[in-house]
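Plus 1 on top of the position in the sequence shown (first one is 1) and you've got our numbering. All C-beta atoms in this analysis are idealised placements derived from N, C-alpha and C, irrespective of residue type, glycine included. Only a predicted model underlies this, so the values are computations on that prediction, with no experimental measurement involved.
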Amino acid sequence: MHSAFNDGSTSAFMWEWFTTKPFVDSGEVKFIGSVPTPWPSWLVAAHPSPERAPVDDVRVFLAELTTYVRNFDSKESRENANVKFIETHFGYPAEDIKAWLKTVAYPENCLDIPRKVITDTLSVLEKAGVVKAPEGGFSVETFVETAVAKLS
């Protein structure tokens, strides 16, 4: 990111606000706006090919990930352990970490995909010109492998 901005080959960069905040604070990059993501943290997309992402492996991974996400999302972790870990390992100021943790949503179960997340995501991507809805609209079911996760 640094070299691309400094050599002029990139004029814009999108990333999560608190991840880029240190670069904005130092004056290395300029904040021009934000587009909040319509999906929670730890919503995982996998390749649809069973050779590249075997269904059983993805299901086991997401089930185990849920345990870690729930632990990370606990009130105690958000107020203490997470702040210390992020501060120590990534060097962000504690006040920024606490502010960030107040804004981040985590899924209750990484194997459960709310329909609203898919429809809101498609809406944002369509407005941005990344996807174009087919005639009759999107079929939400085509975006979730129900052999892996449940669409709710």
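Strand pairing of Leu-152, partner residues [DSSP]: Answer is Ile-114, bridged to Leu-152.
CB contact flag (Ser-153, Ile-114, <8 Å): In contact: Ser-153 and Ile-114 (Cβ atoms closer than 8 Å).
Where Trp-16 falls: helix, strand or coil (DSSP): Three-state result, Trp-16: coil.
Suppose contacts are defined by Cβ-Cβ distances below 8 Å. Is Trp-18 in contact with Pro-108 by that definition? Contact: no.
Sort Ile-33, Phe-144 and Glu-29 by Cα distance to Asp-8 and report the nearest one. The shortest CA-to-CA distance from Asp-8 to any of Ile-33, Phe-144 and Glu-29 is the one to Glu-29.
Opening and closing residue of the alpha helix (DSSP H) in which Thr-11 lies: From DSSP, Thr-11 is part of no alpha helix (DSSP H); its letter is neither H nor E.
Between Val-149 and Val-56, is the Cβ-Cβ spacing less than 8 Å? The Cβ-Cβ distance between Val-149 and Val-56 falls below 8 Å.
Where Arg-53 falls: helix, strand or coil (DSSP): In the structure shown, Arg-53 sits in coil (DSSP, three-state: anything other than H, G, I, E or B).
Exposed or buried, Ile-33, counting other C-beta atoms within 10 Å across all chains shown (16 or more means buried)? Residue burial is scored here from C-beta neighbours: Ile-33 has fewer than 16 other C-beta atoms within 10 angstroms and is therefore classed as exposed.
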